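A.B. asks: Structure incoming, see below.
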Amino acid sequence: LADDTLEEEAAKDAMTRKVHDGFKKFKAVYNAWDKVSEDPYQRYIAL
Numbered sequence: 134l135a136d137d138t139l140e141e142e143a144a145k146d147a148m149t150r151k152v153h154d155g156f157k158k159f160k161a162v163y164n165a166w167d168k169v170s171e172d173p174y175q176r177y178i179a180l
């Protein structure tokens, strides 16, 4: 739902689109790193 809303808002304005595109790139890199760093930590503390 949040992604859909952000896409709708980004379609309305060029600056919003630019910011949103940059955020999506950051999020893709962050999510890849999160799987390496945060997932093992969460599994460890769940023991």
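134 is the number of the first residue of the sequence shown in the numbering used here; add one for each residue after it. By construction, the Cβ of each residue, glycine as well, lies at the ideal position given by its N, Cα and C atoms. The structure presented is a predicted model; accordingly, all values stated were derived computationally and were not measured.
Ala142 and Thr149 look like a contact to me (Cβ under 8 Å); what is the Cβ gap, rounded to whole Å?
C.D. replies: Reading the sequence shown from its first residue, position 9 is the one you call residue 142. Reading the sequence shown from its first residue, position 16 is the one you call residue 149. For the sequence presented, residue 142 should be read as Glu rather than Ala. Right, the Cβ-Cβ distance comes to about 6 Å (below 8 Å), so this counts as a contact.
A.B. asks: Does DSSP put Leu183 in a helix, a strand or coil?
C.D. replies: Residue 183 cannot be examined here, being either before or after the span of the chain that is shown, 134 to 180.
A.B. asks: Pull up the distance between the alpha-carbon of His153 and that of Leu180, whole angstroms please.
C.D. replies: Translated into positions along the sequence shown, residue 153 becomes position 20. Translated into positions along the sequence shown, residue 180 becomes position 47. C-alpha separation (whole angstroms): 37 Å.
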